[in-house]
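Working notes, beginning with the structure itself.
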Amino acid sequence: MENIEIPPIWFNMNANTLAAIIILYNYANTNFLLIEANYNRN
1 MENIEIPPIW FNMNANTLAA IIILYNYANT NFLLIEANYN RN
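What follows is the structure in structure tokens.
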């Protein structure tokens with residue numbers, strides 16, 4: 001029965017990691033688009 005308590009913690013850590021990766025990916029994507037827009041403007 002003790003092993004049942006481990007997976008939720010593992011899933012929680014993975015969910016937080018995924019959220020951080022998605023946020024960083026969106027941030028990098030936004031920066032890339034802004035840089036590209038500035039490059040095309042000149």
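Residue numbers for the sequence shown follow the numbering used here, beginning at 1 and rising by one.
Glycine is no exception: its CB is placed at the ideal position from the N, C-alpha and C atoms.
Keep in mind that this is a model prediction, so the values were computed, not measured.
Can you give the Cα-Cα distance for residue i and residue j, rounded to whole angstroms?
{"i": "Asn-29", "j": "Phe-11", "result": "26 angstroms"}
{"i": "Thr-17", "j": "Asn-26", "result": "14 angstroms"}
{"i": "Phe-32", "j": "Tyr-39", "result": "10 angstroms"}
{"i": "Asn-14", "j": "Ala-20", "result": "10 angstroms"}
{"i": "Leu-34", "j": "Leu-24", "result": "15 angstroms"}
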